[in-house]
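Residue numbers (the numbering used here): 13 to 359. No residue lacks a Cβ here, since even glycine has one placed at the ideal position from N, Cα and C.
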């Protein structure tokens, strides 16, 4: 009996040891930490230093600055990861950093935070070289070509997937698809790759003469509005934002046209690409915009913007009673005259 008990105890010890090894392996696989040690002559003691994750859209860590220095020891789910470092003292002075699960150092002892030197991250070094290449030209088109060329020549880099995730609408569906197909499988399946694959699945980009694409989005009160449930004889799907000067400059003309032809069957369904709800609501009130307003408060990943392939604002789509897109990007007198003609009136 004692022999059996001894054998049982030994077996249990072996089992517990194996379980401990398994738990340790799981922990090390899921809890990958990085460290970032920095100094700055511009950030006074007692200030809070923050790390903001662009993908999660939230602060992932914060520390108190002491002796003009700070240190982060933080876990993130996946590396490399792009974050923004800034302080409570000067939030506008920020530094984008590519994190890797290894020790990193930042030196801002002689410079502002935004131009500080980061060491320890190969991804950061590659990104810095890419930024220097972009800075050799002021041409928007050339800079976009350089971004696409980087993606093509670096299919194994997370920077490439990040570039695609933030420029997908500007690149357009066909070009984004081609660049995405050229990435390796690891990049296609990481967090930034998921953003791109979601976009490719969602983007329809209807053209004039084709049927509109239906979607739902919330209004200023949080109520969900569906485009198909608000189509009229003529509906203008308008893309704008509170910070878009040309959009705001056009609003008085659109208000005048709306008031003149709304009773005859003209509707406006406005999609804002704002991030700040208060600014969005404030612009609606300031400009006296009486039509339907929706937004998901996602300026770069606005679902309707992605569906319709809107690369910049202002932009709009004129939809007739059958659901066909009959015109795009009409403004001022041309829009008013088109509405008048379609509704059988005169301007």
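Residue i (DSSP reduced to helix, strand or coil)
{"i": "residue 258", "result": "helix"}
{"i": "residue 61", "result": "strand"}
{"i": "residue 109", "result": "strand"}
{"i": "residue 348", "result": "helix"}
{"i": "residue 355", "result": "coil"}
{"i": "residue 39", "result": "Confidence is the limiting factor: at residue 39 the pLDDT is only 37, short of 50, which leaves the residue's position unreliable and the question unanswerable from this model."}
{"i": "residue 83", "result": "strand"}
{"i": "residue 33", "result": "Only weak support is given to the placement of residue 33: the predicted model assigns it a pLDDT of 42, under 50, and the value that follows is read from those uncertain coordinates. Residue 33 falls in the helix class under three-state DSSP."}
{"i": "residue 78", "result": "strand"}
{"i": "residue 68", "result": "coil"}
{"i": "residue 412", "result": "The shown model of the chain, from 13 to 359, leaves out residue 412, and the question about it has no answer."}
{"i": "residue 282", "result": "strand"}
{"i": "residue 223", "result": "strand"}
{"i": "residue 268", "result": "helix"}
{"i": "residue 45", "result": "strand"}
Residue i - containing beta strand (DSSP E), residue span
{"i": "residue 305", "result": "304-306"}
{"i": "residue 96", "result": "93-99"}
{"i": "residue 55", "result": "Element bounds for residue 55: n/a, residue is neither H nor E."}
{"i": "residue 119", "result": "115-120"}
{"i": "residue 339", "result": "337-340"}
Option in the options with minimal Cα separation from residue i
{"i": "residue 210", "options": "61, 185 and 76", "result": "185"}
{"i": "residue 2", "options": "343, 353, 106 and 162", "result": "The question about residue 2 has no answer, for the chain in this structure spans 13 to 359."}
{"i": "residue 280", "options": "137, 241, 202 and 208", "result": "241"}
{"i": "residue 196", "options": "215, 171, 182 and 212", "result": "171"}
{"i": "residue 72", "options": "82, 54, 97 and 80", "result": "97"}
{"i": "residue 313", "options": "108, 208 and 295", "result": "208"}
{"i": "residue 215", "options": "129, 350, 206 and 321", "result": "321"}
{"i": "residue 297", "options": "310, 309, 317 and 263", "result": "263"}
{"i": "residue 337", "options": "291, 243, 77 and 356", "result": "243"}
{"i": "residue 318", "options": "295, 284, 350 and 347", "result": "284"}
{"i": "residue 335", "options": "239, 60, 206 and 228", "result": "239"}
Bridge-paired residues (DSSP) for residue i
{"i": "residue 327", "result": "251"}
{"i": "residue 238", "result": "228"}
{"i": "residue 73", "result": "63"}
{"i": "residue 130", "result": "118"}
First and last residue of the uninterrupted alpha helix (DSSP H) at residue i
{"i": "residue 102", "result": "Looking at the DSSP string, residue 102 is not in any alpha helix (DSSP H), and its letter there is neither H nor E."}
{"i": "residue 177", "result": "170-183"}
{"i": "residue 162", "result": "152-165"}
{"i": "residue 289", "result": "289-299"}
{"i": "residue 212", "result": "203-214"}
{"i": "residue 316", "result": "315-320"}
query: Should the stretch 92-105 be regarded as contacting the stretch 57-66, the criterion being three or more beta carbon pairs within less than 8 Å?
result: yes
- prompt: With contact counted as at least three CB pairs below 8 Å, one residue from each stretch, are the stretch 267-277 and the stretch 213-223 in contact?
  reply: no
task: Please determine if the stretch 68-87 and the stretch 148-166 are in contact, where contact requires at least 3 C-beta pairs separated by less than 8 Å.
output: no
message: With three or more beta-carbon pairs closer than 8 Å as the criterion, would you say the stretch 321-335 touches the stretch 247-262?
response: yes
Touching by the beta-carbon criterion (3+ pairs, under 8 Å), the stretch 256-273 and the stretch 300-318: yes
- prompt: Are at least three pairs of beta-carbons, each pair with one atom in the stretch 98-118 and one in the stretch 47-55, less than 8 Å apart?
  reply: yes
message: Pairs of beta-carbons, one from the stretch 106-115 and one from the stretch 133-140, closer than 8 Å: are there three or more?
response: yes
query: With contact counted as at least three CB pairs below 8 Å, one residue from each stretch, are the stretch 146-159 and the stretch 100-107 in contact?
result: no
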